[in-house]
Amino acid sequence: MHFAVSKAFNPINIMFGITFRKETEEERWLRKALDGDNTATEWIYRRHGRYLSALCSRYITEDEDIKDVLQESFIKIFTSLDSFKYRGEGSLKAWMAKITLNEILKFVRNNSRLPIDSIDDKDMNIADGDSMETEDIPTDVLHQFIRELPDGYRTVFNLYVIDDKNHKEIAQLLGIKENTSASQLHKAKSMLAQKIKHYRTINSI
Numbered sequence: 214m215h216f217a218v219s220k221a222f223n224p225i226n227i228m229f230g231i232t233f234r235k236e237t238e239e240e241r242w243l244r245k246a247l248d249g250d251n252t253a254t255e256w257i258y259r260r261h262g263r264y265l266s267a268l269c270s271r272y273i274t275e276d277e278d279i280k281d282v283l284q285e286s287f288i289k290i291f292t293s294l295d296s297f298k299y300r301g302e303g304s305l306k307a308w309m310a311k312i313t314l315n316e317i318l319k320f321v322r323n324n325s326r327l328p329i330d331s332i333d334d335k336d337m338n339i340a341d342g343d344s345m346e347t348e349d350i351p352t353d354v355l356h357q358f359i360r361e362l363p364d365g366y367r368t369v370f371n372l373y374v375i376d377d378k379n380h381k382e383i384a385q386l387l388g389i390k391e392n393t394s395a396s397q398l399h400k401a402k403s404m405l406a407q408k409i410k411h412y413r414t415i416n417s418i
């Protein structure tokens, strides 16, 4: 793990065009965490725990399961911290999210009812006429709609729409076929469209 070290002003460095980047706050805490400083690990947890908990809640519906997966994720994060290479702002968050997503999918594969059906012609017309535009829908309402999807639909939707995975990647992550992933995404969008339509109707939007 490599960290930038701040240097005092030195005319020789200026002469030869040598510049040193000041160590960021996050890098400083990372260095302390690697030295076994518990205060530093607590700082990392407080800084990123809420985001990673929200990531878990997109895929997992039970609060106790979310806590368990989040705990396993942080154990993996802190035991692997010496393998992390800081590449600028946001790199630690992205690295931690990747580990957490792996733990989430491990839980989903072991505990959820994953999709087994593939797409067919009759599926392609399910959502005809239904709108997926969401600008007028509150974020917390959309989040709840996604959480209400069946396990397979919710998992594929999150991976494809929010975590930017393609169907080939999703198939590999979940151990399913690519057309199964496409089918689950289509059905998830259809179900969400129906929920959004109903919400607009009862709220006169």
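Quick note: the sequence shown uses my numbering, first residue 214, plus one each step. Backbone N, C-alpha and C define an ideal beta-carbon position, used for all residues, glycine too.
With respect to the alpha helix (DSSP H) encompassing residue i, which residues constitute its N-terminal and C-terminal limits?
i	result
N315	304 to 324
D250	That residue, D250, is in no alpha helix (DSSP H); it is neither H nor E in DSSP.
I428	This structure cannot speak to residue 428, because the chain is shown only from 214 to 418.
Y412	391 to 415
Y366	364 to 370
L386	380 to 387
S296	No alpha helix (DSSP H) holds S296; DSSP gives it neither H nor E.
Thinking C-beta only, is residue j closer than 8 Å to residue i?
i	j	result
T398	F358	The sequence shown places Leu at residue 398, rather than the Thr named in the question. Contact: no.
Y272	T347	no
Y299	E255	no
L243	A310	no
T292	R360	no
L372	L386	yes
What does the alpha-carbon distance come out to for the pair residue i and residue j?
i	j	result
A253	T237	14 Å
G342	S394	For G342, the predicted structure reports a pLDDT of 43, less than 50, and the residue's modelled location is therefore unreliable. A value from the coordinates is still provided. The straight-line gap from Cα to Cα measures roughly 22 Å.
K410	H356	15 Å
D333	K400	Reliability of the predicted coordinates at D333 is poor, the pLDDT of 46 falling under 50, and the value obtained from them is presented with this limitation in mind. Distance between the alpha carbons of D333 and K400: 11 Å.
With residue i and residue j assumed to form a contact (beta carbons below 8 Å), what rounded beta-carbon distance in angstroms separates them?
i	j	result
I317	V354	Not confirmed; about 23 Å, so no contact.
I312	K289	5 Å
L247	L294	6 Å
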